[in-house]
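Below you'll find the structure, written out as structure tokens, and then a few comments.
Encoded structure:
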């Protein structure tokens, strides 16, 4: 597992845990814009080059253990940030480890993507990356078929999606098999949950966010107006500014 570090090697740190269909490089622009933490560490989770593959018996517990190891690699982690599946990982880790501050942008939880699991499994077992990506985009995110076709017609874009799509079935299964404690992030001193304004009340991300909010009663909820699930790609400076504002005295 590889960690991209920006700024000081080991100062007061924020650790970023990306979600599905993203690697550490996809969060570089956000990391470069963050202010208030001398050290910014972005986890390149397993299943993404140059990190190793997902192991046999992969579950969300694998990700929680990996994230815990990253926190131990730094002497002063002030904030743990997670996006999407990474947000769920961060909230689960904060049930086991005391963390000063957790921020999660549109974290997801079961039954996120559950209806697509059979088709994702078939594509995974057939080693069909094109089908894996198409099923995820259409059945999980709700993207219209013509929009998927436009992405497929862009060779470089589609190649990147194929490269990041290999873990999709195992990660979606892990989300749906994850334990569902009565409360998440019980060991965090402070919790901030962020929703993109474009997804407010909308499936799948807005509705899954609501499920997470119900299990995180101590959290403060924030809205990033005009943004959706891919704010880190579409407006990285705006997202970084929001995260930086949330740093607060406990961070």
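In my numbering, the protein residues as written are 633 to 883. Each residue gets a CB set at the ideal place from its N, CA and C atoms; glycine is no exception.
Close-in-space but distant-in-sequence residues of the same chain around residue 857 (CB under 6 Å, 5 per side omitted) = 829
Take every Cβ of the stretch 789–800, pair it with every Cβ of the stretch 648–657, and state whether three or more of those distances are shorter than 8 Å.
-> yes
State yes or no: is the C-beta of residue 647 within less than 8 Å of the C-beta of residue 682?
-> no
Could you tell me which of 805, 686, 677, 715 sits nearest to residue 826, measuring between CA atoms?
-> 715
Beta-carbon proximity of residue 862 to residue 662, cut-off 8 Å | no
Measure the alpha-carbon distance for residue 642 versus residue 666 and round it to whole angstroms.
-> Take the alpha-carbon of residue 642 and the one of residue 666: they are about 16 Å apart.
Please confirm if the stretch 721–740 is in contact with the stretch 699–712, defined as three or more CB-CB distances below 8 Å between the two stretches.
-> yes
Would you list the one or two residues that DSSP bridges to residue 854?
-> 826
With burial defined as no fewer than 16 other Cβ atoms inside 10 Å of the residue's Cβ, what is the status of residue 877: buried or exposed?
-> exposed
Going by Cα to Cα distance, which pick from 693, 761, 650 is closest to residue 812?
-> Closest option to residue 812, Cα to Cα, is 693.
Give the straight-line distance between the Cα atoms of residue 859 and residue 852, rounded to the nearest whole angstrom.
-> If you take the alpha carbons of residue 859 and residue 852, they lie about 19 Å apart.
As assigned by DSSP and simplified to three states, the class of residue 710 = Of the three classes helix, strand and coil, the one that applies to residue 710 here is strand, per DSSP.
Identify whether residue 648 lies in helix, strand or coil by the three-state DSSP scheme.
-> strand
Under the three-state reduction of DSSP, which class applies to residue 734: helix, strand or coil?
-> In the three-state reduction of the DSSP assignment, residue 734 falls in the strand class.
Looking only at DSSP bridge pairs, what is residue 715 linked to?
-> 737
Proximity of residue 701 and residue 721 at Cβ, strictly below 8 Å = Between residue 701 and residue 721, the C-beta spacing is not below 8 Å.
If you count every other CB in all the chains shown that lies within 10 Å of the CB of residue 757, and 16 or more means buried, which is it?
-> exposed
Taking all protein chains shown into account, decide if residue 718 is buried (16 or more other Cβ within 10 angstroms of its Cβ) or exposed.
-> buried
Relative to the alpha-carbon of residue 680, which residue among 651, 697, 664, 689 has its alpha-carbon at the smallest distance?
-> The option with the nearest alpha carbon to residue 680 is 651.
Alpha helix (DSSP H) runs contained entirely in the stretch 647–705, provided each spans 4 or more residues = 660–665, 692–704
Terminal residues of the beta strand (DSSP E) in which residue 780 lies = Premise fails: residue 780 lies in the alpha helix (DSSP H), 777–784, not in any beta strand (DSSP E).
Three-state secondary structure assigned by DSSP to residue 760 | coil
Taking residue 855 as the reference, which of 688, 691, 638, 737 has the closest Cα?
-> 737
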